[in-house]
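These protein sequences, in sequence, are chains A and B. Using this note's numbering, the first residue of the first sequence is number 64, and each one after it goes up by one. Using this note's numbering, the first residue of the second sequence is number 64, and each one after it goes up by one. Glycine included, each C-beta is placed from N, C-alpha and C at the ideal position.
2 protein chains.
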Amino acid sequence: MRKVDHDSRREEVAEAAARLIAEKGLEALTTRALAKSLGCSIGVLSHYFSSKEEIVIAAFRWADQRIDLRMQEAVAHGNPSLDHFFPVIKAGLPLDEESDLEWRVRLNLHTFALTHSDSLRAERDKDQQFHELMEGMIRNLQQQGQLRSDISAEDITNVAFDLVIGAAKNLVLRPFAEREARAEYLFRLIEQLRPPA
Amino acid sequence: MRKVDHDSRREEVAEAAARLIAEKGLEALTTRALAKSLGCSIGVLSHYFSSKEEIVIAAFRWADQRIDLRMQEAVAHGNPSLDHFFPVIKAGLPLDEESDLEWRVRLNLHTFALTHSDSLRAERDKDQQFHELMEGMIRNLQQQGQLRSDISAEDITNVAFDLVIGAAKNLVLRPFAEREARAEYLFRLIEQLRPPA
DNA sequence: CAATACATATCAAGCGTTCGATATGAAATA
DNA sequence: TATTTCATATCGAACGCTTGATATGTATTG
Numbered sequence: 064m065r066k067v068d069h070d071s072r073r074e075e076v077a078e079a080a081a082r083l084i085a086e087k088g089l090e091a092l093t094t095r096a097l098a099k100s101l102g103c104s105i106g107v108l109s110h111y112f113s114s115k116e117e118i119v120i121a122a123f124r125w126a127d128q129r130i131d132l133r134m135q136e137a138v139a140h141g142n143p144s145l146d147h148f149f150p151v152i153k154a155g156l157p158l159d160e161e162s163d164l165e166w167r168v169r170l171n172l173h174t175f176a177l178t179h180s181d182s183l184r185a186e187r188d189k190d191q192q193f194h195e196l197m198e199g200m201i202r203n204l205q206q207q208g209q210l211r212s213d214i215s216a217e218d219i220t221n222v223a224f225d226l227v228i229g230a231a232k233n234l235v236l237r238p239f240a241e242r243e244a245r246a247e248y249l250f251r252l253i254e255q256l257r258p259p260a
Numbered sequence: 064m065r066k067v068d069h070d071s072r073r074e075e076v077a078e079a080a081a082r083l084i085a086e087k088g089l090e091a092l093t094t095r096a097l098a099k100s101l102g103c104s105i106g107v108l109s110h111y112f113s114s115k116e117e118i119v120i121a122a123f124r125w126a127d128q129r130i131d132l133r134m135q136e137a138v139a140h141g142n143p144s145l146d147h148f149f150p151v152i153k154a155g156l157p158l159d160e161e162s163d164l165e166w167r168v169r170l171n172l173h174t175f176a177l178t179h180s181d182s183l184r185a186e187r188d189k190d191q192q193f194h195e196l197m198e199g200m201i202r203n204l205q206q207q208g209q210l211r212s213d214i215s216a217e218d219i220t221n222v223a224f225d226l227v228i229g230a231a232k233n234l235v236l237r238p239f240a241e242r243e244a245r246a247e248y249l250f251r252l253i254e255q256l257r258p259p260a
């Protein structure tokens, strides 16, 4: 038989689909447009995916995971401390073209999930998982005296959660040149979490 | 000739369209589904709107303006002070079914604007206008000693902007019963803005 | 009667999906 | 090695359906 790596072929399709979503919106993701963008026929799509919805979800996952991955990589670097947060937050925001693409797809996913219960469930599960992880990290920092303890770890976690989503959404609307400056207030905000000397 | 108030008829259509968007997503807003929901024929739609896009935008505006209106009403009540912020923020969040509906539509609008330059421009203009208004209010409160002055009015405004968007997005994913509690951390956060006694 | 409001019928375009035909190349066989 | 076999990969035409738009007809009402 002819050798083609199914998984990587599926990823190629997912990436192309994500690009289409980011650039022209979910409504522009049609089987024909996707095939053209991939330089293949629509038959290929049905060979690797059983439906268009499966492609859409694969595209969402592709972009979503890449944001998470970039943040995880930032977390892995250096020892946990307050200063350690800065590059992590930065990694999670749409500050360059790559992360911009992924965030555009993620924003589409957020809207999609509002009316697709499977995606909604997945979204909520992922959120909760990440929430617990982060709250634990923050609690640790507090116990080490690296973080103010007069605000609960849960409150800080909630702020972070909402803030990243909102910041990302608002950053994506701006030209790249303005984004770094617009995001910097976040770092001044984090500075406020330093324990009183 | 027959007398029908054009404006209010258009608003009926816009509201029905917004409901459809909120409940089943923008893709479910078809001329036929909308006509059925209104209990009329598609002839009515073309009589009051020149295209479907016009209906979509009317629906977006309808929901968007209602959130803004509810916040403005909250602003109008009482004298400007830090405590005055609480009901305003509350008015801006999707805490009941009405505001939930509107926020669902607004989230659709945010995604829509990513790939429709007219809506994008409108969105940015409105944001900037509101941003300036709010920054002015905050600066005033600072001058009156009602607000900490060691954080710039611009930074506080940016926090508020991003936070409301993110909080709304995350609240909408939850059952109503959990929302008040989830939003309360915002008020504890605002408490942190009180000037040191 | 004239103008408006609305219903109905119809259209072409575009959608996701299906499916038979064909191309490819690894494995089986002689 | 040469030949056959056949699962896989790709193609693209065609299908049934839905879409937004519009043309035409019919009440209703001032």
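1) Could you spell out the range, first to last residue, of the alpha helix (DSSP H) harbouring residue 261 of chain A?
2) Can you tell me where the alpha helix (DSSP H) holding residue 158 of chain B begins and where it ends?
3) By the 9 Å beta-carbon criterion, what residues does the region 172-186 of chain A contribute toward chain B?
4) Among A:168, A:99, A:159 and A:105, which has the Cα closest to the Cα of residue 124 of chain A?
5) Residue 228 of chain B CB to nearest chain A CB: under 7 Å?
6) Tell me the residue span of the alpha helix (DSSP H) that contains residue 245 of chain A.
7) Return the CA-CA distance between residue 114 of chain A and residue 159 of chain A, expressed in angstroms with no decimal places.
8) Would you say residue 154 of chain B and residue 126 of chain B are within 7 Å of each other, going by their C-beta atoms?
9) CB-CB under 6 Å to residue 212 of chain A, same chain, minus the five flanking residues each way: which ones, in chain order?
10) Is the CB of residue 159 of chain B under 7 Å away from at least one CB in chain A?
11) Please list the partners that residue 170 of chain A has in chain B, where partner means a Cβ-to-Cβ separation under 8 Å.
12) Could you tell me how far apart the beta carbons of residue 86 of chain B and residue 129 of chain B are, in whole angstroms, since I believe they sit closer than 8 Å?
13) By alpha-carbon positions, which one of A:152, A:238, A:157 and A:231 ends up nearest to residue 197 of chain A?
14) Quick one: grab the DSSP three-state call for residue 92 of chain B.
15) Could you check where the alpha helix (DSSP H) with residue 191 of chain B kicks off and where it finishes?
16) Answer with yes or no whether the minimum CB distance from residue 153 of chain A to chain B is below 7 Å.
17) Check whether the Cβ atoms of residue 170 of chain A and residue 174 of chain B sit closer than 7 Å, and answer yes or no.
18) In angstroms, rounded to a whole number, what distance separates the CA positions of residue 150 of chain A and residue 134 of chain A?
19) Taking the beta carbon of residue 235 of chain B as the centre, do at least 16 other beta carbons fall within 10 Å, making it buried, or is it exposed?
20) Whose Cβ in chain B lies nearer than 8 Å to the Cβ of residue 167 of chain A?
21) Please confirm if residue 68 of chain B has its CB atom under 7 Å from at least one CB of chain A.
22) Report yes if the C-beta distance between residue 82 of chain B and residue 111 of chain B is below 7 Å; otherwise report no.
23) Measuring CA to CA, which of B:76, B:208, B:238 and B:190 is closest to residue 224 of chain B?
24) I want to verify the contact list: residues of chain A whose CB lies under 8 Å from the CB of residue 224 of chain B, in sequence order.
25) Please go through the same chain and pick out, in chain order, the residues whose beta-carbon is closer than 7 Å to the beta-carbon of residue 54 of chain A, but skip the five residues on each side of it.
26) Kindly say whether residue 251 of chain A, judged by its beta-carbon, lies nearer than 7 Å to any beta-carbon of chain B.
27) At 9 Å on the CB atoms, spell out the chain B contacts of residue 236 of chain A, in chain order.
28) When the Cα atoms are used, what is the spatial distance from residue 230 of chain A to residue 70 of chain B?
29) Using the Cβ count rule (16 or more neighbours within 10 Å means buried), how would you classify residue 157 of chain B?
30) How would you list, in chain order, the residues of chain A whose beta-carbon sits under 9 Å from the beta-carbon of residue 88 of chain B?
31) Assuming residue 84 of chain A is part of the alpha helix (DSSP H), what are its boundary residues?
32) Given a threshold of 16 other Cβ atoms within 10 Å of its Cβ, counted over all protein chains shown, does residue 132 of chain A qualify as buried or as exposed?
33) Distance cutoff 7 Å, beta carbons only. Does residue 131 of chain A sit that close to anything in chain B?
34) So residue 100 of chain A and residue 79 of chain A are supposed to be a Cβ contact under 8 Å. How far apart are they, rounded?
Looking at the atomic coordinates:
1) Since the first residue of chain A shown is 64 and the last is 260, residue 261 of chain A is not available in this structure.
2) No alpha helix (DSSP H) holds residue 158 of chain B; DSSP gives it neither H nor E.
3) 173, 174, 175, 176, 177, 178, 179, 183 and 186
4) A:168
5) yes
6) 239-254
7) 32 Å
8) no
9) 205
10) no
11) 173, 174 and 177
12) The Cβ separation is near 16 Å, so there is no contact.
13) A:152
14) coil
15) 180-206
16) no
17) yes
18) 9 Å
19) buried
20) 177
21) no
22) no
23) B:190
24) 229 and 233
25) No answer is possible for residue 54 of chain A: it lies beyond the span of chain A, which begins at 64 and ends at 260.
26) yes
27) 173, 176, 177, 183, 186, 187 and 190
28) 36 Å
29) buried
30) 174, 175, 177, 178 and 179
31) 69-87
32) exposed
33) no
34) 5 Å
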